[in-house]
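In mature numbering (1 follows the signal peptide of the UniProt record, and there is no 0), the protein residues as written are -24 to -1, 1 to 146. For glycine and all other residues, C-beta sits at the position ideal for the given N, C-alpha and C.
Below is the structure:
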């Protein structure tokens, strides 16, 4: 028992000496400042937030649809407030897809399940519900082409389809 007490008595003064030595050191304080600015992204609009209408005409030959004869440019623009030189966006088109397009780039018409409007960006199929990167100052050309299901029937009558174009900041 006596040996244990001596050991404790020796360690205690040693610990006090070490802690006093550490505490006796001067502390150094360095001041610093953080500077920055918060900016908001500019507001952008697609075609002034107006509905974009594409008219394929009144005399569409059912037998000519598969030829690609009925193609129209989708007239749209994107305008952003302020400076948008380096503004990176994504563009997405969403709508009800047809089941017969392996590219998943065709919006179904509301009246006929075997008729659709295939969307292209810069000549390539624009997969529905998939975003593509774009620059606000260099937007891709979009085209709409009437296509039909070769294994289905079409009937005479009017048609329409709805899709949504979305631009989103990166």
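- In the DSSP assignment, residue 83 falls within the unbroken beta strand (DSSP E) covering 82 to 84.
- Within 10 angstroms of the beta-carbon of residue 27 lie fewer than 16 other beta-carbons, which makes it exposed.
- Between residue 122 and residue 93, the C-beta gap is smaller than 8 Å, which places the two residues in contact.
- Close CB contacts of residue 107 within its chain, under the 6 Å cut and outside five residues either way in sequence, are with 66, 68 (chain order).
- Fewer than three Cβ pairs drawn from the stretch 45 to 54 and the stretch 75 to 88 lie within less than 8 Å of each other, which leaves the two stretches out of contact.
- Taking C-beta atoms as the reference points, residue 57 and residue 116 fail to come closer than 8 Å.
- Around the beta carbon of residue 8, a 10 Å sphere encloses fewer than 16 other beta carbons of the protein chains shown; the residue is thus reported as exposed.
- Between residue 135 and residue 88, the C-beta gap is smaller than 8 Å, which places the two residues in contact.
- Non-local beta-carbon contacts of residue 84 in its own chain, meaning distances under 6 Å to residues more than five positions away in sequence, involve 72, 74, 92 in chain order.
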